[in-house]
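J.: Following numbering that gives the first Met the number 0, the numbering of the sequence shown begins with 0 at its first residue and continues without gaps. Glycine is no exception: its CB is placed at the ideal position from the N, C-alpha and C atoms. The structure that follows is given in the form of structure tokens.
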Amino acid sequence: MKVLWSLILVCAPTWAAAAPTPEAARAAQAFSDQARAHYEGGRFEEAVAAYLQAYDRSPEPLLLKNAIKVLAVHIGDCEQTIRLGDDYLATGPERGRAEEIAGFMGECLLRDAERARADARWDEAQAALGR
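What follows is the structure in structure tokens.
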């Protein structure tokens, strides 16, 4: 997971770059192909990393969207889902795609709120028991 965070921090500043060079576009395609293979093999963290590397080389919003979907659905990393979701929504995607990503982000926020409520109930129960 640390590798994934490091990749996000390194790639993020370049995501707003101009159109890719032909070399960068080829590299992005190669990373996208790797991401697909990782995904199909159930290696979800590797898939996200490869999608983000592809996006770093060619800022195609679909690559970022794919990374977010894997994070939300298969990894369950809400913090990164929300962070990258904000970046994706800033690209101005068409409405249906924006709604899909906003839905993942909303599910994460609900999950976080439910977890916080459960933690608070646990703390209250422990206090009532004098622990």
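What do you get for A117, buried or exposed, if any count of 16 or more other CB atoms within 10 angstroms of its CB means buried?
T.: Taking the first residue of the sequence shown as 1, we reach residue 117 at position 118. By the beta-carbon neighbour count (other beta carbons within 10 angstroms, threshold 16), A117 is exposed.
J.: What would DSSP say about R42, mapped onto helix, strand or coil?
T.: Counting from 1 along the sequence shown, the entry for residue 42 is found at position 43. Coil at R42, not helix or strand.
J.: Mind checking Q52: buried by the 16 CB within 10 Å criterion, or exposed?
T.: Sequence index remark: in the sequence shown, residue 52 carries index 53 (1-based). Label assigned to Q52: buried.
J.: Apart from the five residues just before and just after I100, which ones in its own chain have a Cβ nearer than 7 Å to its Cβ?
T.: The sequence position of residue 100 within the sequence shown is 101, counting from 1. Answer for I100: K64, I67, G84, Y87 and L88, listed in chain order.
J.: Leaving out five residues before and five after P92 in sequence, what residues of the same chain have Cβ atoms less than 7 Å from its Cβ?
T.: As a working mapping, residue 92 is identified with position 93 in the sequence shown. Closer than 7 Å at the Cβ level, and outside the excluded window around P92, lie P60.
J.: Out of curiosity, what's the CA-to-CA distance linking E113 and Y54?
T.: As a first step, residue 113 must be located in the sequence shown, where it is residue number 114. As a first step, residue 54 must be located in the sequence shown, where it is residue number 55. Just so you know, the alpha carbons of E113 and Y54 end up roughly 32 Å apart.
J.: According to DSSP, is A18 helix, strand or coil?
T.: Reading the sequence shown from its first residue, position 19 is the one you call residue 18. Coil.
J.: Is the segment 40-47 touching the segment 18-25 in the sense that three or more CB pairs, one from each, lie closer than 8 Å?
T.: Judged by Cβ distances under 8 Å, the segment 18-25 makes no contact with the segment 40-47, as fewer than three pairs qualify.
J.: Count the other C-beta atoms from every protein chain shown that fall within 10 angstroms of the C-beta of Q79, then say buried if there are 16 or more, exposed otherwise.
T.: In the sequence shown, the residue the question calls residue 79 occupies position 80. With a threshold of 16 other beta carbon atoms within 10 Å, Q79 meets it and is buried.
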